[in-house]
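Novice: Going down the list, the sequences are from chains H and D. Residue 1 is where the first sequence starts when you use this note's numbering, and the numbers rise one by one after that. Residue 1001 is where the second sequence starts when you use this note's numbering, and the numbers rise one by one after that.
There are 2 protein chains.
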Amino acid sequence: MISSASHTVEEPAALPSVFLRYRSEFGKALRLELSQDRSRVYDMLRYYMGWADRDGKPLSATEGKALRPTLCLLSCEAVGGDVEQAMPAAVALELIHSFSLIHDDIQDRDETRHHRPTLWAVWGVPQALVAGNVLRIVADMALEGLENRGVSLDLSAEVVRLLTDAYLSMIEGQYLDLSYEGKHNISPRQYFEMISRKTGALIRCSTTLGAVIGSRDRAAVDALESCGRSLGYVFQIRDDVLGVWGNEETTGKPVGADIRRKKNSFPVVYATSAAGEGDRRILKRAYARECLSDADVSSVLDVMERTGVRERAQSLASEHCDRALDALSGVEMDAAIRREAEDLVHFLLVREH
Amino acid sequence: MISSASHTVEEPAALPSVFLRYRSEFGKALRLELSQDRSRVYDMLRYYMGWADRDGKPLSATEGKALRPTLCLLSCEAVGGDVEQAMPAAVALELIHSFSLIHDDIQDRDETRHHRPTLWAVWGVPQALVAGNVLRIVADMALEGLENRGVSLDLSAEVVRLLTDAYLSMIEGQYLDLSYEGKHNISPRQYFEMISRKTGALIRCSTTLGAVIGSRDRAAVDALESCGRSLGYVFQIRDDVLGVWGNEETTGKPVGADIRRKKNSFPVVYATSAAGEGDRRILKRAYARECLSDADVSSVLDVMERTGVRERAQSLASEHCDRALDALSGVEMDAAIRREAEDLVHFLLVREH
Chain H
1 MISSASHTVE EPAALPSVFL RYRSEFGKAL RLELSQDRSR VYDMLRYYMG WADRDGKPLS
61 ATEGKALRPT LCLLSCEAVG GDVEQAMPAA VALELIHSFS LIHDDIQDRD ETRHHRPTLW
121 AVWGVPQALV AGNVLRIVAD MALEGLENRG VSLDLSAEVV RLLTDAYLSM IEGQYLDLSY
181 EGKHNISPRQ YFEMISRKTG ALIRCSTTLG AVIGSRDRAA VDALESCGRS LGYVFQIRDD
241 VLGVWGNEET TGKPVGADIR RKKNSFPVVY ATSAAGEGDR RILKRAYARE CLSDADVSSV
301 LDVMERTGVR ERAQSLASEH CDRALDALSG VEMDAAIRRE AEDLVHFLLV REH
Chain D
1001 MISSASHTVE EPAALPSVFL RYRSEFGKAL RLELSQDRSR VYDMLRYYMG WADRDGKPLS
1061 ATEGKALRPT LCLLSCEAVG GDVEQAMPAA VALELIHSFS LIHDDIQDRD ETRHHRPTLW
1121 AVWGVPQALV AGNVLRIVAD MALEGLENRG VSLDLSAEVV RLLTDAYLSM IEGQYLDLSY
1181 EGKHNISPRQ YFEMISRKTG ALIRCSTTLG AVIGSRDRAA VDALESCGRS LGYVFQIRDD
1241 VLGVWGNEET TGKPVGADIR RKKNSFPVVY ATSAAGEGDR RILKRAYARE CLSDADVSSV
1301 LDVMERTGVR ERAQSLASEH CDRALDALSG VEMDAAIRRE AEDLVHFLLV REH
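1. According to the Cβ coordinates, are valine 244 of chain H and valine 255 of chain H closer than 9 angstroms?
2. Is the shortest distance between the beta-carbon of valine 1159 of chain D and the beta-carbons of chain H less than 9 angstroms?
3. Name the chain H residues that come within less than 8 angstroms of isoleucine 1213 of chain D, Cβ to Cβ?
4. Would you list, in chain order, the members of the segment 110-133 of chain H that have their beta-carbon closer than 8 angstroms to a beta-carbon of chain D?
5. Suppose you measure from the CA of glutamate 277 of chain H to the CA of leucine 283 of chain H; what does that come to, to the nearest Å?
6. Inspect the beta-carbon positions of leucine 1328 of chain D and leucine 1071 of chain D and report whether they are closer than 9 angstroms.
7. Can you tell me the Cα-Cα spacing of arginine 289 of chain H and valine 303 of chain H, whole angstroms?
8. If you pair each beta-carbon of the segment 181-190 of chain H with each one of the segment 201-209 of chain H, do three or more pairs fall below 8 angstroms?
9. Could you tell me whether the segment 49-62 of chain H touches the segment 152-169 of chain H, using the rule of 3 or more Cβ pairs below 8 angstroms?
10. Let me know the alpha helix (DSSP H) ranges lying completely inside the segment 288-347 of chain H, each 4 residues or longer, listed in chain order.
11. Compute the distance between the beta-carbons of arginine 1023 of chain D and leucine 1202 of chain D, then report whether it is under 9 angstroms.
12. Listing by chain order, which chain D residues have their CB less than 8 angstroms from the CB of glutamate 144 of chain H?
13. State yes or no: is the C-beta of leucine 168 of chain H within less than 9 angstroms of the C-beta of glutamine 190 of chain H?
14. Would asparagine 264 of chain H be called buried (16 or more neighbouring beta carbons within 10 Å of its own) or exposed?
15. May I have the straight-line CA-CA distance separating glycine 173 of chain H from serine 1187 of chain D, to the nearest angstrom?
16. Around the Cβ of aspartate 55 of chain H, are there at least 16 other Cβ atoms within 10 angstroms (buried) or fewer (exposed)?
17. Just curious, the alpha helix (DSSP H) that glycine 1232 of chain D is in, first and last residue?
18. Identify the contact partners of methionine 194 of chain H in chain D, using a Cβ-Cβ distance below 7 angstroms as the criterion.
19. When you compare the CB positions of leucine 330 of chain H and alanine 219 of chain H, do they come within less than 9 angstroms of one another, or not?
20. Measure the beta-carbon distance from alanine 131 of chain H to leucine 45 of chain H and round it to whole angstroms, keeping in mind my assumption that it falls under 8 angstroms.
21. Under a CB-based cut-off of 9 angstroms, is threonine 1208 of chain D close to chain H?
22. Using a beta-carbon distance below 9 angstroms, is tyrosine 48 of chain H in contact with chain D?
23. By the 10 Å Cβ neighbour count, where 16 or more other Cβ atoms means buried, how is arginine 136 of chain H classified, buried or exposed?
24. Using a Cβ cut-off of 9 angstroms (strictly closer), state whether glutamate 1172 of chain D contacts chain H.
25. In the DSSP assignment, find the alpha helix (DSSP H) that holds proline 1188 of chain D and state where it starts and stops.
26. Taking CB distances under 9 angstroms as the criterion, tell me whether arginine 149 of chain H reaches chain D.
27. Helix, strand or coil for alanine 1128 of chain D? Go by DSSP, reduced to three states.
28. Let me make sure I understand the geometry here. Which of D/Leu1015, D/Ser1226, D/Val1079 and D/Phe1266 has the alpha-carbon closest to that of arginine 1338 of chain D?
29. Could you tell me how far apart the beta carbons of leucine 73 of chain H and methionine 49 of chain H are, in whole angstroms, since I believe they sit closer than 8 angstroms?
30. Check threonine 1118 of chain D in the structure and name its three-state DSSP category.
31. Can we say the segment 1209-1218 of chain D touches the segment 1079-1099 of chain D, given the rule of at least three CB pairs closer than 8 angstroms?
32. Does the Cβ of leucine 32 of chain H have 16 or more other Cβ atoms within 10 Å, making it buried, or fewer, making it exposed?
33. Is DSSP giving arginine 113 of chain H helix, strand or coil here?
34. Can you find a CB in chain D that lies within less than 9 angstroms of the CB of tyrosine 191 of chain H?
35. Quick check on the DSSP output: what are the complete beta strand (DSSP E) runs of length 3 or more inside the segment 129-167 of chain H, in order along the chain?
36. Identify, in the order they occur along the chain, each residue of the same chain with its Cβ nearer than 8 angstroms to the Cβ of arginine 306 of chain H, setting aside the five sequence neighbours on each side.
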């Protein structure tokens, strides 16, 4: 059992073993979905996944964490289900997540992701947009694999419905995020509403899908859904912390990156709501500029230091961690699986990338 | 019965009555899917549909043709099915079509559609991209209505599969189209391959879905699918003719519009393949320029005149029309429905917008 105290200690966290346990089987299933050669657009997608260079030549890829698939497969196992049956859902979740990043990069004009040029930076906006749309359909098609693995038609339809709902919620969250751009008065409530959709929906759906495929026990499914809901907050709040104070080597972004980009992430939203009059003026002045200078970024970091944003973020994330663990504690599961689940929850709180 | 001769006579064609017959019920079903107010993005979508101005205030809209829904509903009736059961598919087809236009406008940087500013022109690329993605999901969700209308789970799953396949094919066609940009040596074979996906897939899917929902008779479904396949060619070839020689008032585009945009549409693909050496040089010279002048457009129009592109396009479209009618002739149907179907086929050949 992870003690609550350990949540607040930040030290570089190794990737928990559960991520490695599914990696090989999941990787195979994922590659199979993108092994087509119906058109050159699949080369773009394999480039995006890190499996090929921009000319389509295979690369020895470093696999990503695959957080959402891991949550899905582990949830399925946790409720006593067959991991194989949840594999198509795990693949669909990763593809939808990747799709959203491809379109995000276009929206944010981000030229680099995972230390490589983004799709639009290499092929231009029109082709990157289409490639994202293709990936989204490949995700839909991955779910057709449920039937071959003995999942009933009823349950498959339920999975499609849940994923579609989550996906819509995610897109609506992206819309909210975009509509907040340039605003300096986003309240913490608005922020949480936005991240619960933009990030939370797909993470919550990951644990829910695994559980729903693995068990007919409504209480267990509800508990895993509730666990996923909390993890969505943990993940995004930690992401926002890393976006301001992350180590450039592990995150690929310089310190203060999200400040420079004027993102309405937790640190600035909380600082604005908690700062005194003087500090609020400093924030307002900095964010009113077209481009923030190094001195502006520094002054914002100082305000965040004074308002204790970083500690507040970690303690809030830690609370959500506890809720996720609480939800898990109500579900009967194998002791080894429970340990893996708890390690994963804890990892999300302290991860450095 | 429409005589083959009448195909080649071009006169302004009134919208066949079948488009009006479904309009009210279809319009209601379509509006219902977009009546949500979960977020402001739905205002953008209602603006796109022509139902609201950019501030969200309702407009007395002029409804579009709704070609794909009409094909779907008429096909369902033609094979003896219940139009009500096909309505969710009709709505999904229109939403997917609209989604593709929203993203197309971003890709092509088109600032006007249906005589109004496009979504990205009003709200910017990021929000328009997201709005398109939302519309795509609303389309998926519309299909959930099949069950409420007594369509079996099996058949619903089949409908989802067919629509997903068509949608993927459409997106791959868009990718091909983009990858042809800037090339001056696209062969007619490549062109037909591209339009059979980009435009053909969804039109073929429209008649197929109507038939598959309306009947278990495999031969009838195959015939309607074959009819839809031919109509895809008729539609796009006619579209390409209108893109060069269309009347600005009805199409909203000036004469020569597609030449100026250097689109690899049928007229230039065919002219390049059929022109003599001298004319081919003229085409090459004009298309090599960054921007075509009025004189360039004129010289290209002259080459097209000399190579008889327009007549070739209409006669080719007319051949596909005949194939569509042939396919219909093998299906037993009510005489009034058959007349409507034939009118619709003929309309696609001579339409002015």
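Note that CB positions come from ideal geometry on N, CA and C, so glycine has one too. All values derive from a computational prediction rather than experimental measurement.
Specialist: Taking the geometry as given:
1. Cβ atoms of valine 244 of chain H and valine 255 of chain H: closer than 9 angstroms.
2. Cβ-Cβ to chain H under 9 angstroms: no for valine 1159 of chain D.
3. Going along chain H, no residue has its Cβ under 8 angstroms from isoleucine 1213 of chain D, so there is no contact; the nearest lies around 17 angstroms.
4. The residues in question are Val125, Pro126, Gln127, Leu129, Val130, Ala131 and Asn133.
5. So the alpha carbons of these two residues sit roughly 10 angstroms apart.
6. No, they are not a contact pair.
7. The straight-line gap separating the alpha-carbon atoms of arginine 289 of chain H and valine 303 of chain H is approximately 17 angstroms.
8. Verdict: no, contact absent.
9. They do not touch, by the three-pair rule.
10. List check, alpha helix (DSSP H) in window: 294-307 and 309-329.
11. No, Cβ-Cβ distance for arginine 1023 of chain D and leucine 1202 of chain D is not below 9 angstroms.
12. Near glutamate 144 of chain H (Cβ distances below 8 angstroms), the residues of chain D are Arg1161.
13. 9 angstroms or more divides the Cβ of leucine 168 of chain H from the Cβ of glutamine 190 of chain H.
14. Burial state of asparagine 264 of chain H is buried, judged by a 10 Å Cβ sphere holding 16 or more other Cβ atoms.
15. Glycine 173 of chain H and serine 1187 of chain D: Cα-Cα distance of roughly 44 angstroms.
16. The Cβ neighbour count for aspartate 55 of chain H, taken over all protein chains shown within 10 Å, is under 16; the residue is labelled exposed.
17. Here the alpha helix (DSSP H) through glycine 1232 of chain D covers 1218-1245.
18. Simply none; closest approach about 10 angstroms.
19. Just to set this straight, residue 330 of chain H is glycine in the shown sequence, not leucine. In contact: glycine 330 of chain H and alanine 219 of chain H (Cβ atoms closer than 9 angstroms).
20. The pair is a contact, with the Cβ atoms about 6 angstroms apart (cut-off 8 angstroms).
21. No - not a single Cβ of chain H is within 9 angstroms of the one on threonine 1208 of chain D.
22. Judged by the 9 angstroms Cβ criterion, tyrosine 48 of chain H is not in contact with chain D.
23. Under this definition arginine 136 of chain H is a buried residue.
24. True, the Cβ-Cβ gap to chain H drops below 9 angstroms.
25. 1188-1198 is the span of the alpha helix (DSSP H), which, as asked, contains proline 1188 of chain D.
26. Taking CB atoms only, arginine 149 of chain H has no neighbour in chain D less than 9 angstroms away.
27. Helix at alanine 1128 of chain D.
28. Each of D/Leu1015, D/Ser1226, D/Val1079 and D/Phe1266 was checked against the Cα of arginine 1338 of chain D, and the nearest Cα belongs to D/Val1079.
29. Their Cβ separation, rounded to whole angstroms, is 19 angstroms, which puts leucine 73 of chain H and methionine 49 of chain H out of contact at 8 angstroms.
30. In the displayed model, threonine 1118 of chain D falls within coil according to three-state DSSP, outside both helix and strand.
31. Contact between the segment 1209-1218 of chain D and the segment 1079-1099 of chain D is present, with at least three C-beta pairs closer than 8 angstroms.
32. Here leucine 32 of chain H is exposed: its Cβ has fewer than 16 other Cβ atoms, across all protein chains shown, within 10 Å.
33. When DSSP states are grouped into helix, strand and coil, arginine 113 of chain H belongs to the strand group.
34. Cβ-Cβ to chain D under 9 angstroms: no for tyrosine 191 of chain H.
35. Secondary structure remark: continuous beta strand (DSSP E) runs of at least 3 residues inside the segment 129-167 of chain H: none found.
36. Same-chain partners within the cutoff: Ala275 and Asp279.
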